[in-house]
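Heads up: the sequence shown begins at 85 in the working numbering, then just goes up one per residue.
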Amino acid sequence: MNMMCRNLKRRNVEGGKLDRLTNLPINIKYRIQEQLSVEEAARMSVLSTQWRYVWASKPKLVFSPQFCARKPLTDVIEAILSHHYGDIKSFCVDISSIPCSQHSVIDRWISFLSRNGITDLTLQNQSNALYKLPSCMYDIELESLRLSNCIFKLPCGFRGFHKLKNLTLHQVVLELNDVTPCLWMPYLVTLHVRECSGFPNSKVYAPRLSELFFFTRRTEDLELGHFMDCQKLKTVVLVSSKQNQHEVMNLTYLLKCWPEICSFGLDSCYFLKSFATEAERLPTYLNSLKSITLSEFDFDDDDHIFSLLRILTVSPHLVDLHLALNSKKKKTDDMKVINVVNHFEGPAYRTLGVLHKLQRLMINHFHGSKIEMFFVKFIFASAPVLLNTIIHEDVGSVDESQSLKISQELMSFPRASPKLKIHVNRRSNRSITAPNCSSHVGG
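Written out as structure tokens, the structure reads:
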């Protein structure tokens, strides 16, 4: 890039004519500079007056963590902003290196951005010093907002983010008051909340919400009652733990409220168990559901098995099924256990007819227990268009000899799909792949 800059400068000086790169439309020039670091883009500004204009007016300013780690960060950014003209639509900066005593400088940046058309703001903060957002922040008509390690205190009379479409909060402290107890975001499409304080119990108005991700493992209870009206939800991922969850959520009721959900993920066995104990019936069909991811799944827990079967029976268009098993399972030779109930053997499950579109099955931390093998055998026999099955063994509980037995038994299972490929992997990078020719169900 440095050589290109020197060559272009020489050609301009010698020929006195604009080169082909300089003749590009301004939006293309902006895109070129977006691919460069801040230093490279600044160097490019010396090529000509036109490139100096591009540098000083680019609407997207992204400062990498490496750039932000430099000592005179505040002075450099202050200088860039003071020489900038035109709107700044997007601004991304890592404020981790700025001490709490200098947070007023960040306030000035946000104030400047609020007067210059900012719509996309990212403040990354990895330090223990939380940054409290200034009051002018809540007057900006943002479309995308990403915050980490900040204090999000809504002022009295706050009327909501009326244009916000994407909101990502990581370790953010949300402080609502009695006057503004609700986050009003009528155009919000994606909401990612990770280890935040105060957010799970806050009221949210987001009727257009399509993607919801909640990670509350180290914070308070996860309550989703205020998302019942979000009937356009398509992707939902919930991560929590029993230690922090004092009340069981009625997931059956929530799924009834989300008729368009197509991807559903649970990272807590505690939530999954609720399906087995809830008296309410699931919707007749979750016709839009195409992908299910269940973590901390335990085949030794009947509630987990029954919950999974409940979901499968109402998911006729399921394409992807991903199970991450509990990796803390003790090492046992479960292959020799005789008295294991096969919950997948009954005629009701053999004739489910709900796996006719399943194409991919992935299981992580596979232990090779009899009930796990029963489940895989059931899937093979019930999925006529299954293309790939990927089994990642748990090397902490499966030794080399057991691994060989598991692979041999998996390869011998009858398959409803003539195109099925089976991959059995270990962390040692040894992989066993089955050919797609085998005995077929009914063949």
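Backbone N, C-alpha and C define an ideal beta-carbon position, used for all residues, glycine too.
Nothing here was measured: the structure is a model prediction, and the numbers come from that model.
- In this structure, the straight-line span from the alpha carbon of H167 to that of C266 is close to 39 Å.
- Less than 8 Å separates the beta-carbon of L494 from that of V460.
- Annotated as proximal: F381 and N410, with beta-carbon spacing under 8 Å.
- Distance from the CA of L356 to the CA of G170, rounded to the nearest whole angstrom, comes to 52 Å.
- In the DSSP annotation of this structure, M221 is not part of any alpha helix (DSSP H), being labelled neither H nor E.
- With respect to the C-alpha of R230, the residue from A408, T252, K503, F311 having the closest C-alpha is T252.
- Beta-carbon to beta-carbon, I475 and F383 are separated by about 13 Å, too far to satisfy the 8 Å threshold.
- Partner residues in a beta bridge of V460, as assigned by DSSP, do not exist.
- Here S294 carries a coil assignment [DSSP, helix/strand/coil].
- Here L407 carries a strand assignment [DSSP, helix/strand/coil].
- Distances from the alpha-carbon of D351 to those of E344, L338, V323 put V323 closest.
- One thing to note: L258 has its Cβ no nearer than 8 Å to the Cβ of L293.
- Annotation for M495: the continuous alpha helix (DSSP H) segment containing it runs 484-496.
- The way I'd put it, the segment 185-194 doesn't touch the segment 233-247; fewer than three beta-carbon pairs between them come closer than 8 Å.
- Note on geometry: alpha-carbon atoms of C176 and V146 lie some 5 Å from one another.
- Going by C-alpha positions, H388 is about 12 Å away from A408.
- Cβ-Cβ distances below 8 Å link L471 to Q443, R444, S501, K503, L504, K505 in the same chain, with the five nearest sequence neighbours on each side left out; the list follows chain order.
- Following the DSSP letters along the chain, one finds T336 inside the alpha helix (DSSP H) bounded by residues 335-341.
- In the displayed model, S232 falls within a strand according to three-state DSSP.
- The three-state reading of DSSP puts D384 in coil, since its state is none of H, G, I, E or B.
- Judged by beta-carbon spacing, L226 lies within the 8 Å limit of L205, meaning their Cβ atoms are closer than that value.
- If you draw a straight line from the Cα of F464 to the Cα of P498, it is about 7 Å long.
- DSSP places C152 inside the alpha helix (DSSP H), whose first and last residues are 149-152.
- Straight across, the Cα-Cα distance linking L488 with S453 is about 14 Å.
- Bounds of any beta strand (DSSP E) do not take in T158; it lies within the alpha helix (DSSP H) bounded by 157-166.
- A residue is called buried once 16 or more other Cβ atoms fall within 10 Å of its Cβ, and S485, having fewer, is exposed.
- When rounded, the separation of the alpha-carbon atoms in S219 and L248 is 17 Å.
- For V321, the uninterrupted beta strand (DSSP E) segment begins and ends at 319-323.
- As the crow flies, the alpha-carbon of N371 is around 53 Å from that of Q186.
- For the pair S211 and S232, the CB atoms are not nearer than the 8 Å cut-off.
- Residues L339, K340, P343, V398 of the same chain have their beta carbon placed closer than 8 Å to that of P367, with the five preceding and five following residues left out of the count.
- Burial check for V425: the Cβ neighbour count within 10 Å stays below 16, so the residue is exposed.
- Under the DSSP definition of a beta bridge, G349 partners with V321, T377.
- Comparing alpha carbon positions, the residue from R510, A290, S375, V403 closest to V469 is V403.
- If you look at V256, you'll find it isn't in any beta strand (DSSP E); DSSP assigns it neither H nor E.
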